[in-house]
Structures are given as C-alpha cells and as structure tokens.
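Residue numbers (this note's numbering): 1 to 307.
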Amino acid sequence: MPETFYANKVAEAYFAKEYGLHLQPRSDGEELAEPFLKLLEQPKYADKDVVRIAFAADKGYSEDWANAKFLFERVQEVLRERILSKQPFVCRLVGLDELIVHDDGVYIPNEIFHKEDRIDILYRLHPLELLMDDESEDGYPVGLKLMELANFGAVDLVNPVKSIVLQNKALLALAWYLYQHRLFWTPQEEELLAAHLTPTYLDSKPLAGQRYIKKPIFGREGAGIAIVEPDGATSYEAEECDDCDLIYQQFVPSADVQQETDNGEVTGKYTYSCFVINGKASETFVRLQPGEITGVEAYFVPVLDEI
Numbered sequence: 001m002p003e004t005f006y007a008n009k010v011a012e013a014y015f016a017k018e019y020g021l022h023l024q025p026r027s028d029g030e031e032l033a034e035p036f037l038k039l040l041e042q043p044k045y046a047d048k049d050v051v052r053i054a055f056a057a058d059k060g061y062s063e064d065w066a067n068a069k070f071l072f073e074r075v076q077e078v079l080r081e082r083i084l085s086k087q088p089f090v091c092r093l094v095g096l097d098e099l100i101v102h103d104d105g106v107y108i109p110n111e112i113f114h115k116e117d118r119i120d121i122l123y124r125l126h127p128l129e130l131l132m133d134d135e136s137e138d139g140y141p142v143g144l145k146l147m148e149l150a151n152f153g154a155v156d157l158v159n160p161v162k163s164i165v166l167q168n169k170a171l172l173a174l175a176w177y178l179y180q181h182r183l184f185w186t187p188q189e190e191e192l193l194a195a196h197l198t199p200t201y202l203d204s205k206p207l208a209g210q211r212y213i214k215k216p217i218f219g220r221e222g223a224g225i226a227i228v229e230p231d232g233a234t235s236y237e238a239e240e241c242d243d244c245d246l247i248y249q250q251f252v253p254s255a256d257v258q259q260e261t262d263n264g265e266v267t268g269k270y271t272y273s274c275f276v277i278n279g280k281a282s283e284t285f286v287r288l289q290p291g292e293i294t295g296v297e298a299y300f301v302p303v304l305d306e307i
C-alpha cells in the first residue's frame, strides 16, 4: 500500500517537475477509507457514543506492519475529514498479539484506564487460512472464534470472512472449467476469459507434455511455486508449501525487460497487480523480478500515465 498510494505519488511529482511531463494524477489512497465509511453507515452505529476501529498486524514483520500503519494513518485522516462531526470514532494501531478474543467480542487493552476496549471494526493484516488455525497458549481457538464473532455481527472485519473465496486460486480452475463447458459465462465474459486466463486445472493430467506451472491455492510471494517442463522435470522450485492443495496452469512466458534500479540495470519480468477496493478497481502496483517467479525480494517499479 505505501508503494502504490504514496511512492507512486512521489514519482509522479518528481517526473512531472524534472521532465515537464503531463501525467494522470495518481491516487493518494483516499479510497482506502471507503470500506470503513460503508460500515459506519450501518444503523447499529448511529447511536453509539464512539465507534472503535482497530488496525492489527504482526509487529515483527516489518512489511505487514508498515502496510497496516499506512492504512491506519490514511483511513483515520479521511474519516476525520468526512464524519467526525456526525459519528465519533477512535482508531488504534495494534499488534496481532494485543487482540483479546472473548466469547462476546474482540477487545484491545486500554492502558490508561486499565481496562479492555471492545472493537467494533477490525482490519487484520493476517491471512484467513492462517487465522483459522491460531490458538492461544492455553489452546483456546482464537482464530475460529474471531471468525465466528464476525459471522454473527459481533465485530465487522475488513476484509470479511467471505473474502477467503476470492483468495482461493482454485477459483481460477473453476472459472476455466465453466468456460470450457459453456456452463455459466456470457459470450462477452467468455471472450475476456479466453484472452486473459491461462488454462487452469486442479490436476496436472490435462497439461501433460506441456510446460506448466503449479502453485498452492493460498500461496503468496512466490512460495511453493514450481515450473514443470514437458518431460516432467522441475526447472524452478521455490520453498515447499506443506499440506497445500495446488492448481496447475499452462505456462505463459513473460517478456524480459531492462529496468534501472538502485543496484544498477536489472533484467527481469514485470508483475502487475491491481487493488480492488469496495468492489471497484483502484491503483496499479508493478514489481520487477530477475527470474521466472516473482518473490518477496522483487523490486517496486513506479507507475506513471502520461496524458
């Protein structure tokens, strides 16, 4: 998030001034507050003295903590501009280990008054497939309980529990199956799928004799990905992912590009990502990876659009 909604703005200002370019203005991340604004419109918050919003991430993982901190600061700023007079609220940035899950709700410690404050809205930068296995030291299933509380409306999650459906890469195999058998999509949607989705399966047999890629359905940052050659040999394999279900996709090579970096010129491949916020496409994020698979050490590449 900081690279997409802050660093791209810095790059925009620099190149516009340095080279006199006329650029399409980049977003400064104001739309990141939209899911929170939508939740605050719910009738249950209309008469509350104060709505408590927490942003939680692992303090020991610097990337996650920086993302959560950026979101916390940007959302808090937007909410203050738009709703403070109508709906009092408090935002807190906390570590995941500070969350306290009880049978009736989610709490965080209030050191000033030596009590626990109940959270109304929680943004947690922690994958749901890991959260469901989280337990306290005494064996209490805090992850499952938190999701149960969310499902029953005791706390609002951003992103909600149902978002795990879209995180699951098996959805790509389902989309391809429905496309192959003409079972669901409109002709326009089939045209888009044919152009943009590589053949994807839950079994490697349909891709036998071809170069294909296998990846875990809940993988991230290149972990657990392997490239399989037509003879069955593996030409690239990241660290293994234990107990992961896989999808198998026809391999489509990406073009090599030369990119100037702070380590000199690098040859690699671009990976494009797009934030979707509150159901709407937002900003683009581009990474450069020297190698076939984009991993955690990929370079951030600023994105600029000339008018």
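Cβ atoms here follow ideal geometry from the backbone N, Cα and C, with glycine treated the same way.
Under 8 Å Cβ to Cβ from Tyr299, same chain only, skipping five residues before and after it: list those, please. Indexing the sequence shown from 1 puts residue 299 at position 299. Only Gln259, Thr261, Val266, Gly268, Arg287, Leu288, Gln289 meet the Cβ criterion.
Supposed contact pair Asn110 and Asp117 - C-beta distance, whole angstroms, cut 8 Å: Along the sequence shown, one-based indexing puts residue 117 at 117. Along the sequence shown, one-based indexing puts residue 110 at 110. The pair is a contact, with the Cβ atoms about 5 Å apart (cut-off 8 Å).
Of the choices Glu135, Pro25, Gly291, Gly105, whose alpha-carbon is the least far from that of Ile227? Translated into the one-based positions of the sequence shown, residue 227 becomes position 227. Ranking the options by Cα distance to Ile227, first place goes to Gly291.
Identify, in the order they occur along the chain, each residue of the same chain with its Cβ nearer than 8 Å to the Cβ of Ala16, setting aside the five sequence neighbours on each side. Taking the first residue of the sequence shown as 1, we reach residue 16 at position 16. Excluding sequence neighbours, Ala16 sits near His22, Leu23.
Inter-residue Cα distance where the pair is Lys38 and Gly264: Translated into the one-based positions of the sequence shown, residue 38 becomes position 38. Translated into the one-based positions of the sequence shown, residue 264 becomes position 264. So the two alpha carbons sit approximately 45 Å from each other.
Mind checking whether Tyr248 and Lys280 have CB atoms under 8 Å apart? The residue labelled residue 248 in the question sits at position 248 within the sequence shown. The residue labelled residue 280 in the question sits at position 280 within the sequence shown. The answer is no: Cβ separation not under 8 Å.
For Ala325 and Asp64, which I take to be in contact (beta-carbon distance under 8 Å), what is that distance rounded to the nearest angstrom? The requested residue 325 does not occur in the structure, where the chain is confined to residues 1 to 307.
Count the CB pairs spanning the region 177-196 and the region 137-154 that are closer than 8 Å, and state whether there are at least three. no
Proximal residues to Val257 (C-beta, below 8 Å), its chain only, five neighbours per side dropped: Against the sequence shown, residue 257 aligns to sequence position 257. Excluding positions up to five away in sequence, the list reads Thr267, Gly268, Lys269, Tyr270, Leu288.
Is the Cβ-Cβ distance between Leu304 and Ala11 less than 8 Å? Working through the sequence shown from its first residue, we reach residue 304 at position 304. Working through the sequence shown from its first residue, we reach residue 11 at position 11. In this structure, Ala11 lies closer than 8 Å to Leu304 by Cβ.
Alpha carbon to alpha carbon, what distance is there between His126 and Leu178? Numbered from 1 along the sequence shown, position 178 holds the residue referred to as residue 178. Numbered from 1 along the sequence shown, position 126 holds the residue referred to as residue 126. About 31 Å.
The region 126-135 touching the region 77-87, judged by at least three CB pairs closer than 8 Å: no
Residue ranges of each beta strand (DSSP E) run of no fewer than 3 residues wholly in the region 246-270, ordered along the chain? 246-250, 257-261
Tell me the start and end of each unbroken alpha helix (DSSP H) in the region 62-107 that is at least 4 residues and wholly inside, in chain order. 62-82
DSSP-derived helix/strand/coil call for Tyr177: As a first step, residue 177 is located in the sequence shown; it is residue number 177 there, counting from the start. Residue state, collapsed to three classes: helix.
Classification of Pro253 by the beta-carbon crowding that lies within 10 angstroms, buried from 16 upward: Within the sequence shown, numbered from 1, the residue matching residue 253 stands at position 253. Looking at its Cβ environment, which holds fewer than 16 other Cβ atoms inside 10 Å, Pro253 is exposed.
Smallest Cα separation from Asn67: which of Glu34, Leu79, Tyr6? Mapped onto the sequence shown, residue 67 falls at position 67. The option with the nearest alpha carbon to Asn67 is Tyr6.
Own chain residues within Cβ distance below 8 Å of Ile277, not counting five before or after: For the purposes of this step, residue 277 is identified with residue 277 of the sequence shown, where counting begins at 1. Contacts found: Glu31, Leu32, Glu34, Pro35.
Note down, in chain order, each residue of its chain lying with its Cβ closer than 7 Å to the Cβ of Ala302, except the 5 sequence neighbours on either side. Sequence index remark: in the sequence shown, residue 302 carries index 302 (1-based). In the sequence as displayed, the identity of residue 302 is Pro instead of Ala. Once the five neighbours on either side are set aside, the close Cβ partners of Pro302 are Ala7, Asn8, Ala11.
Close-in-space but distant-in-sequence residues of the same chain around His114 (CB under 8 Å, 5 per side omitted): Mapped onto the sequence shown, residue 114 falls at position 114. If we look at His114 and ignore the five residues flanking it on each side, it has no Cβ neighbours.
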